[in-house]
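Colleague: From first to last, the protein sequence lines stand for chains A and B. Taking our numbering, the leading residue of the first sequence gets 8, the next gets one more, and so forth. Taking our numbering, the leading residue of the second sequence gets 28, the next gets one more, and so forth. Note that CB positions come from ideal geometry on N, CA and C, so glycine has one too. Here it is, the structure in full.
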Amino acid sequence: MASLTQRVRLGAPARTRVRALPRGLWALPPVAALALVFLYPLFLLVRQSFTPDEGGPMTAAYSEVLAEASFQDALVNTVLIAAGATLGCLVLGFALALVVAFVPFPGARALGRFIDIFLAFPSFLITLALLFVYGTTGVANGLWTSATGAGSGPFDFLHTPWGVLLAEITYFTPFVMRPLLAAFSQVETGQLEAAASLGARPRRIVRTVILPEALPSLAAGGALVLVMCLNEFGIVLFTGAKDVVTLPVLVYTKAILDGDYTGACVVAVVNIALSVALYAGYRALVARTGRREGGARRARAQQ
Amino acid sequence: MLVHSNKARAVIWTGFLLLFVPLFALPFAVILAASFATTWSGALPSGPTLTHYQDIAKGDSLNALVTSLLTALAASLLALAAGTWAALAAQRLGGRGKKVIDTLFMLPVAVPSVAVGLSLLVAFSQPPLLLNGTRQIVIIAHTVLVTAFAHQSVSAALDRLDPAYEQSAAALGARPAYVLWRVKLPLLLPSLTAATGLCFALSMGELSATMMIYPPDWLPLPVQIFATTDRGALFSGAALAVALMAATLLVLFGVSRIRTRASYR
Numbered sequence: 008m009a010s011l012t013q014r015v016r017l018g019a020p021a022r023t024r025v026r027a028l029p030r031g032l033w034a035l036p037p038v039a040a041l042a043l044v045f046l047y048p049l050f051l052l053v054r055q056s057f058t059p060d061e062g063g064p065m066t067a068a069y070s071e072v073l074a075e076a077s078f079q080d081a082l083v084n085t086v087l088i089a090a091g092a093t094l095g096c097l098v099l100g101f102a103l104a105l106v107v108a109f110v111p112f113p114g115a116r117a118l119g120r121f122i123d124i125f126l127a128f129p130s131f132l133i134t135l136a137l138l139f140v141y142g143t144t145g146v147a148n149g150l151w152t153s154a155t156g157a158g159s160g161p162f163d164f165l166h167t168p169w170g171v172l173l174a175e176i177t178y179f180t181p182f183v184m185r186p187l188l189a190a191f192s193q194v195e196t197g198q199l200e201a202a203a204s205l206g207a208r209p210r211r212i213v214r215t216v217i218l219p220e221a222l223p224s225l226a227a228g229g230a231l232v233l234v235m236c237l238n239e240f241g242i243v244l245f246t247g248a249k250d251v252v253t254l255p256v257l258v259y260t261k262a263i264l265d266g267d268y269t270g271a272c273v274v275a276v277v278n279i280a281l282s283v284a285l286y287a288g289y290r291a292l293v294a295r296t297g298r299r300e301g302g303a304r305r306a307r308a309q310q
Numbered sequence: 028m029l030v031h032s033n034k035a036r037a038v039i040w041t042g043f044l045l046l047f048v049p050l051f052a053l054p055f056a057v058i059l060a061a062s063f064a065t066t067w068s069g070a071l072p073s074g075p076t077l078t079h080y081q082d083i084a085k086g087d088s089l090n091a092l093v094t095s096l097l098t099a100l101a102a103s104l105l106a107l108a109a110g111t112w113a114a115l116a117a118q119r120l121g122g123r124g125k126k127v128i129d130t131l132f133m134l135p136v137a138v139p140s141v142a143v144g145l146s147l148l149v150a151f152s153q154p155p156l157l158l159n160g161t162r163q164i165v166i167i168a169h170t171v172l173v174t175a176f177a178h179q180s181v182s183a184a185l186d187r188l189d190p191a192y193e194q195s196a197a198a199l200g201a202r203p204a205y206v207l208w209r210v211k212l213p214l215l216l217p218s219l220t221a222a223t224g225l226c227f228a229l230s231m232g233e234l235s236a237t238m239m240i241y242p243p244d245w246l247p248l249p250v251q252i253f254a255t256t257d258r259g260a261l262f263s264g265a266a267l268a269v270a271l272m273a274a275t276l277l278v279l280f281g282v283s284r285i286r287t288r289a290s291y292r
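And the structure:
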C-alpha cells in the first residue's frame with residue numbers, strides 16, 4: 008500500500024511536467040527540416056513548371072510539353088513497362104514464394120536472407136549483369152556462336168524495352184516475395200492438411216486456401232512495385248537505349264542535357280502526380296492489410 | 028507440406044532452381060567473374076587479370092569510393108536523427124498529428140528520386156540558399172531520400188515497444204529525458220542500427236538524384252560506374268560494382284553485429 012501511494016506521488020509531478028511542454032513543439036524541428044529540404048523545393052518545382060521562360064499564359068509550358076511526341080512516347084513507355092514489370096513480378100514472385108513457403112527445401116531460410124541482401128543493392132547492377140549475360144559479347148551469345156559457328160548470336164534485346172522489362176522484373180520480384188512470405192507464414196498448416204485430407208489437389212488448395220489469404224499482400228506488393236517501376240531511372244539509364252525513354256529519363260535529359268528546366272519540371276510534375284496517386288493507393292491497401300493481420304493475430308492470441 | 032510425392036517435389040524444385048538461379052544468382056556471379064576478366068566471348072570469361080582492381084586502388088575510382096562512403100555515412104546518420112526524432116514526436120502527438128507526420132515523412136518515397144534531385148536543383152540554385160555545385164547538396168538529397176526508411180523502421184519499432192517499461196520508469200520518478208535516453212533508446216537500439224544499415228546501403232547505391240546534382244569534385248561511386256560503363260569499359264565497371272557491393276555488405280555486416288550484441292540486453 009505504501010509503495011502504491013509512493014508511486015502515485017512520484018508519478019504526479021512527472022505528468023504535469025509533460026503537460027507543461029506543448030507536445031506539438033517537439034514535432035516542429037524535424038518537420039521544419041523536412042519542409043526546408045523537401046517540401047519547399049517541391050513547391051518551387053511546381054511553381055517553375057507554371058512560369059514559362061518565354062512568358063505567355065501560365066500553362067504555356069504544359070501545352071508545349073504535352074504536345075511533344077517525345078513526351079507522349081515516354082509516358083506510354085513508362086506506363087507499359089511499369090505495368091508489364093509489375094505483372095511479371097507478381098506472377099514470378101507468387102510462384103517462387105509458394106515454393107519457398109510450402110514446398111520447403113534445405114537452404115530455403117538462407118535464401119530468404121539472400122533476398123534481403125538483394126534489396127540492399129542498387130538496381131543498375133542488374134542491367135550491368137545482363138550486359139554480360141545477353142550482351143553482344145556475353146555468355147548467351149558466346150555459347151550460341153561457339154555452338155553454331157555463326158558470326159553473331161541471336162540475343163539482341165537489351166537495348167529494347169524488353170531488356171528494361173527483364174531487368175525490372177529481376178530486380179523488383181523480391182519486393183513482392185517479402186510481404187508474400189510474411190503472409191504465407193500466417194497460413195495455418197492445419198488448414199492445408201485438412202483440405203488435402205478432404206481430397207483437394209495442390210492446385211485447388213493454392214486457389215481456395217492460400218490465394219485468398221495472400222491477396223492483400225499481393226496487392227500491396229504489386230502497388231509498391233508499380234510505383235517503383237514508374238520511378239525507375241538507373242536501369243533505363245544503364246540500358247543506354249536511345250529509343251527507350253521513360254518519364255524519369257526524360258526529366259534528366261531535359262534538365263541536364265538540354266538545360267530546359269521548365270520543361271523538365273513539367274515532366275516531373277506529371278511523374279510525381281502519377282506515382283503519388285498510386286502510392287496513396289498502396290498505403291491504403293497496406294493499412295487495410297495491417298488491420299486485418301493485426302485482428303487475426305489478436306484473435307489467435309485470445310484462443 | 029503441400030506436395031507429398033517425392034517425384035512432384037523434385038520437379039517443382041528443379042523448376043524453382045531453373046528460374047531462380049539464372050534470374051537472381053547469376054547477375055552477381057557474372058559481375059564478379061567479369062571483374063577479373065579482360066574479354067568475354069564464350070560461356071566463361073577469359074584473360075584472368077587483377078588490373079581492374081589495381082586501377083581502382085590508384086585512380087579516381089578510389090576517390091569515388093571514399094566520396095560514396097562519406098556521403099552515405101553523413102546521410103544515414105542525419106536520416107537516423109531526423110527519422111527517429113520525427114517518429115518519437117509523432118508517437119507522442121498520437122491521433123491525427125501522428126498520421127500527418129507519418130505521411131509527410133513517407134512522401135519522399137512516393138516522389139521519383141529524379142524529381143527530388145530536380146527540385147533541389149531548382150530551389151538551391153537561387154538565393155537565399157546557393158548550394159548548387161557543392162557537396163552539401165548531394166548529402167541533402169541522399170538524406171531526403173533515405174529518411175523515409177529510417178522513419179518507417181523506427182516508427183514500426185515504437186509501435187511494437189511495450190509501454191510498460193517507460194511507464195514504470197516514469198512511475199519510479201524518472202524525468203522524460205532520462206526515460207528517453209536510458210529506457211526507450213536502448214530498447215530501440217536493434218531497430219535503430221538496422222535502420223542505419225538500410226539507409227547506408229540505399230545511399231551507397233543512389234544514382235537517380237545524384238545524376239542530377241553531383242558537382243565535379245564530389246563524384247559518388249554509382250556515377251563513376253555509369254561513366255565507366257558508358258564509355259565501354261565494362262570490365263572496369265564490373266570491378267567498381269564489386270567494390271560497391273563489398274563495401275555495402277561490409278557495413279551491413281558490421282551493423283548486424285551491433286544488433287546482435289544489443290539484443291542480448
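#1: How many Å lie between Glu71 (chain A) and Pro48 (chain A) at the Cα?
#2: Please list, in chain order, the chain A residues whose beta carbon lies closer than 7 Å to that of Ser68 (chain B).
#3: For a contact meaning CB atoms closer than 9 Å, what does Trp245 (chain B) contact in chain A?
#4: Can Phe128 (chain A) and Leu244 (chain A) be called in contact, C-beta distance under 9 Å?
#5: Is any beta-carbon of chain A found at less than 9 Å from that of Phe63 (chain B)?
#6: With a threshold of 9 Å between beta-carbons, can Gly232 (chain B) be considered close to chain A, or not?
#7: Do you know how far the Cα of Val110 (chain A) is from the Cα of Thr196 (chain A)?
#8: Suppose contacts are defined by Cβ-Cβ distances below 9 Å. Is Val173 (chain B) in contact with Ser103 (chain B) by that definition?
#9: In whole angstroms, what separates the C-alpha of Leu46 (chain A) from that of Ser140 (chain B)?
#10: Quick one: residues in its chain with C-beta nearer than 7 Å to the C-beta of Ile83 (chain B), no 5 flanking neighbours on either side, listed in chain order?
#11: Per DSSP, Thr66 (chain B) forms a beta bridge with which residues?
#12: Any chance you could list the alpha helix (DSSP H) runs of at least 4 consecutive residues sitting entirely within the segment 94-128 of chain A, in chain order?
#13: Could you give the distance in angstroms between the alpha-carbon of Val276 (chain A) and the alpha-carbon of Leu52 (chain A)?
#14: Check whether the Cβ of Trp112 (chain B) lies closer than 9 Å to any Cβ atom in chain A.
#15: Going by beta carbon distance, what residues of the same chain come within less than 7 Å of Tyr286 (chain A), once the five residues before and after it are set aside?
#16: Run through chain A and tell me which residues come within less than 7 Å of Ser146 (chain B), C-beta to C-beta.
#17: Below 7 Å CB to CB, which residues in the same chain sit around Ala226 (chain A) once its five sequence neighbours on both sides are set aside?
#18: Taking only beta-carbon atoms, is Val171 (chain B) less than 9 Å away from chain A?
#19: Taking one C-beta from the segment 239-257 of chain A and one from the segment 166-175 of chain A each time, how about it: are there three or more such pairs within less than 8 Å?
#20: Quick check on Ala177 (chain B): does DSSP put it in helix, strand or coil?
#21: So Gly241 (chain A) contacts chain B; which residues on that side make the cut at Cβ distance below 7 Å?
#22: Beta-carbon of Arg36 (chain B) versus every beta-carbon of chain A: anything under 9 Å?
#23: Return helix, strand or coil for Ser263 (chain B), following the three-state DSSP convention.
#24: Note down the Cα distance separating Phe176 (chain B) from Asn33 (chain B), rounded to an integer number of angstroms.
#25: Measuring only the C-alpha atoms, how far is Ser153 (chain A) from Gly69 (chain B)?
#26: Using three-state DSSP, classify Glu233 (chain B) as helix, strand or coil.
#27: Say whether chain A places a C-beta atom closer than 9 Å to the C-beta of Pro54 (chain B).
#28: Scan the segment 50-77 of chain A for residues whose Cβ lies nearer than 8 Å to a Cβ of chain B and list them as they occur along the chain.
#29: Rank A:Phe139, A:Thr66, A:Thr269 and A:Gly160 by C-alpha distance to the C-alpha of Thr7 (chain A) and give the top, closest one.
#30: In terms of residues, what are the limits of the alpha helix (DSSP H) holding Gln194 (chain B)?
#31: Find out if the Cβ-Cβ distance for the pair Ala221 (chain A), Thr215 (chain A) is shorter than 9 Å.
#32: Which residue's Cα is closest to the Cα of Thr167 (chain A): A:Gly270, A:Asn84 and A:Ala294?
#33: Residues of chain B with CB under 8 Å from Cys272 (chain A), in chain order?
#34: Just to confirm the assignment, what range does the alpha helix (DSSP H) spanning Asp82 (chain B) have?
#35: Assuming Arg185 (chain A) is part of the alpha helix (DSSP H), what are its boundary residues?
Modeller: Short version:
#1: The alpha-carbon atoms of Glu71 (chain A) and Pro48 (chain A) are separated by roughly 23 Å.
#2: The answer, in chain order, is Thr144 and Gly149.
#3: Simply none; closest approach about 16 Å.
#4: Here Phe128 (chain A) is not near Leu244 (chain A), since their CB atoms are 9 Å or more apart.
#5: For Phe63 (chain B), the answer is no, since every Cβ of chain A falls outside 9 Å of its Cβ.
#6: With a threshold of 9 Å between beta carbons, Gly232 (chain B) makes contact with chain A.
#7: Going by the C-alpha atoms only, they are around 12 Å apart.
#8: With respect to the 9 Å criterion, Val173 (chain B) and Ser103 (chain B) are classified as neighbours on the basis of their beta carbons.
#9: Cα to Cα, the separation comes out at about 14 Å.
#10: Result list for Ile83 (chain B): Leu89, Ala266, Leu267 and Ala270, in chain order.
#11: Thr66 (chain B) pairs with B:Ser73.
#12: Runs found: 115-127.
#13: The alpha-carbon of Val276 (chain A) is positioned some 8 Å away from that of Leu52 (chain A).
#14: Closer than 9 Å: yes.
#15: Answer for Tyr286 (chain A): Val234, listed in chain order.
#16: Ordered by position in chain A, the residues that pass the 7 Å Cβ test against Ser146 (chain B) are Pro48, Leu49, Leu51 and Leu52.
#17: Leu292, listed in sequence order.
#18: Any Cβ of chain A closer than 9 Å to the Cβ of Val171 (chain B) would place that residue at the interface, and such an atom is present.
#19: Below 8 Å, enough C-beta pairs join the segment 239-257 of chain A and the segment 166-175 of chain A to call them touching: three or more.
#20: Residue state, collapsed to three classes: helix.
#21: Annotation: Cβ neighbours of Gly241 (chain A) in chain B (cutoff 7 Å, chain order): Leu234 and Ser235.
#22: Chain A contact via Cβ: present.
#23: DSSP places Ser263 (chain B) in helix when its eight states are reduced to three.
#24: Whole-angstrom Cα-Cα distance: 43 Å.
#25: Between the alpha carbons of Ser153 (chain A) and Gly69 (chain B) lies a distance of about 7 Å.
#26: In the three-state scheme derived from DSSP, where H, G and I count as helix and E and B as strand, Glu233 (chain B) is classed as coil.
#27: Yes - at least one Cβ of chain A is within 9 Å of the one on Pro54 (chain B).
#28: Of all residues in the segment 50-77 of chain A, those with a C-beta nearer than 8 Å to a C-beta of chain B are Leu51, Leu52 and Gln55, reading in chain order.
#29: The first residue shown for chain A is 8 and the last is 310, placing residue 7 (chain A) beyond what the model contains.
#30: It spans Pro190 to Ala198 - the alpha helix (DSSP H) in which Gln194 (chain B) sits, taken as one unbroken run.
#31: Taking 9 Å as the Cβ cut-off, Ala221 (chain A) and Thr215 (chain A) do not qualify as a contacting pair.
#32: Nearest C-alpha to Thr167 (chain A): A:Asn84.
#33: Within chain B, the residues near Cys272 (chain A) are Leu145 and Val149.
#34: Note, Asp82 (chain B): alpha helix (DSSP H), Thr78 to Lys85.
#35: Unbroken alpha helix (DSSP H) run through Arg185 (chain A): Pro168 to Phe191.
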